[in-house]
Amino acid sequence: MNVAAPILSDTLARILADKYEEVRERSAAMPLSEVEHQARHAGPTRDFTGALCSAVAEGRVGLIAEIKRASPSGGLIREPFEPAELARAYERAGAACLSVLTDAPWFQGDLGHMVQARGACALPVLRKDFMVHPWQVFEARAMGADAILLILAALSDEQAHELEDIARSLDMAVLAEVHDARELERALGLETRLIGVNNRNLKTLVTDLAVSDELIPQIPADRIPVGESGIRTPEDVRRLCRAGARCLLVGEHLLRQPDVEEAARGLITAL
Ligand SMILES: O=C(O)c1ccccc1NCC(=O)[C@H](O)[C@H](O)COP(=O)(O)O
Numbered sequence: 019m020n021v022a023a024p025i026l027s028d029t030l031a032r033i034l035a036d037k038y039e040e041v042r043e044r045s046a047a048m049p050l051s052e053v054e055h056q057a058r059h060a061g062p063t064r065d066f067t068g069a070l071c072s073a074v075a076e077g078r079v080g081l082i083a084e085i086k087r088a089s090p091s092g093g094l095i096r097e098p099f100e101p102a103e104l105a106r107a108y109e110r111a112g113a114a115c116l117s118v119l120t121d122a123p124w125f126q127g128d129l130g131h132m133v134q135a136r137g138a139c140a141l142p143v144l145r146k147d148f149m150v151h152p153w154q155v156f157e158a159r160a161m162g163a164d165a166i167l168l169i170l171a172a173l174s175d176e177q178a179h180e181l182e183d184i185a186r187s188l189d190m191a192v193l194a195e196v197h198d199a200r201e202l203e204r205a206l207g208l209e210t211r212l213i214g215v216n217n218r219n220l221k222t223l224v225t226d227l228a229v230s231d232e233l234i235p236q237i238p239a240d241r242i243p244v245g246e247s248g249i250r251t252p253e254d255v256r257r258l259c260r261a262g263a264r265c266l267l268v269g270e271h272l273l274r275q276p277d278v279e280e281a282a283r284g285l286i287t288a289l
């Protein structure tokens, strides 16, 4: 696959320009064959999709609780920032899975945060980053990730299929993220059952739960809709549930609370 940055001018485009440069540097430091070898010899994955399905079957929200220090829209979100403590608090609250930001320039993330969080709990963990190249998928698994995010707005169909195939060959789950009907149609061409509807437009950073109201009902019954971004209150949870999503990915609201365990429990039990 060619490592060439697209020429774009919005926030996502600026993030991707940095990401392509990062991949160029990291893949120059370690060849693909080496990182693939590490990935294929990493320990077993935890069942990300299964954890969400179990939570829903038990009548709870399937919460993917996010760990991130900062974001482009939120600025600095949590300081001091302790990934291991946050992971344990989310697990005690009943979260099904974790999502850990590993992008450094825009989210002050680090792969070390994911390793610390996963090591502190038994929950399956998604590496939340801007995946554009096979090297990153192998790196994610080598560092323990159980799932990756594929943002359709950041990928061609060819890229998305290639990255999904690699993830599946490593027994990782894939969360395919969409923000409009065209991206949803493309995501449904992938094998994954996990379809994330991001209420945040990653180009403008405008967040609107109406995106979920519109798109989630269009997701076929054999897929698992995941509502993402801008979810703050039990009423938000019920709204997305009415649209058809019982799995939710929540970050900033939880991370801004002094007691993240109580805050997560409040959303998980909102139905
Ligand atoms: O959050 C941002 O500002 C952002 C900007 C550009 C690309 C991605 C971005 N965020 C990723 C996410 O979508 C969220 O981390 C995730 O869905 C959780 O959202 P929230 O609960 O609103 O923190």
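Remember, the numbering used here sits 18 above the position in the sequence shown when you count from 1. Note that the Cβ used here is the ideal one computed from N, Cα and C, for glycine as well. Everything numeric in this text was worked out from a predicted model, so none of it was measured.
No Cβ-Cβ contact shorter than 8 Å links R110 with E253.
I286 places its beta carbon 8 Å or farther from that of L34. In this structure L266 touches I249 by the C-beta definition: roughly 6 Å separates them, less than 8 Å. By the Cβ neighbour-count rule, E52 is exposed, with fewer than 16 other Cβ atoms within 10 Å of its own.
The residues W153, in chain order, have a CB closer than 7 Å to that of S45 in the same chain once the five nearest residues on each side in sequence are set aside.
At least one heavy atom of ligand 1 sits closer than 7 Å to the Cβ of N216. Inclusion of L188 and S230 in the CB contact set at 8 Å is not warranted, their separation being larger than that value. Under DSSP, K37 takes part in no beta bridge, so it has no partner. Fewer than three Cβ pairs drawn from the region 169-187 and the region 76-94 lie within less than 8 Å of each other, which leaves the two stretches out of contact.
Contact check between the region 68-80 and the region 92-104: fewer than three CB pairs, one atom from each, fall below 8 Å, which does not count as touching.
The three-state reading of DSSP puts T67 in helix, counting H, G and I together. Judged by their CB atoms, R136 and G112 are not nearer to each other than the 8 Å cut-off. Beta-bridge pairing by DSSP links V143 to L116.
Its chain contains S230, D231, I234 and P235 as the residues whose beta carbon lies nearer than 7 Å to that of A261, once the 5 sequence neighbours on both sides are disregarded; these appear in chain order. Within the model, the alpha-carbon separation for R274 versus L94 is close to 10 Å. Remark: C-beta atoms of T63 and K221 do not approach each other more closely than 8 Å.
Taken in chain order, the whole alpha helix (DSSP H) runs of length 4 or more contained in the region 137-221 are 152-160, 175-187 and 199-205. Rounded to whole angstroms, A281 and L116 show a C-alpha spacing of 15 Å. Each of D36, A172, A178 and E157 was checked against the Cα of L206, and the nearest Cα belongs to A178. With fewer than 16 other CB atoms across the displayed protein chains lying within 10 angstroms of its CB, P123 is exposed. With contacts defined as CB atoms closer than 8 Å, L173 and V150 qualify as a contacting pair. Using a Cβ distance threshold of 8 Å, L212 and V244 count as a contacting pair.
Distances between the C-beta of G112 and the heavy atoms of ligand 1 are all 7 Å or more. Ranked by Cα distance from S91, the options L50, A165 and F125 are led by F125. Judged by DSSP in its simplified three-state form, G80 adopts strand.
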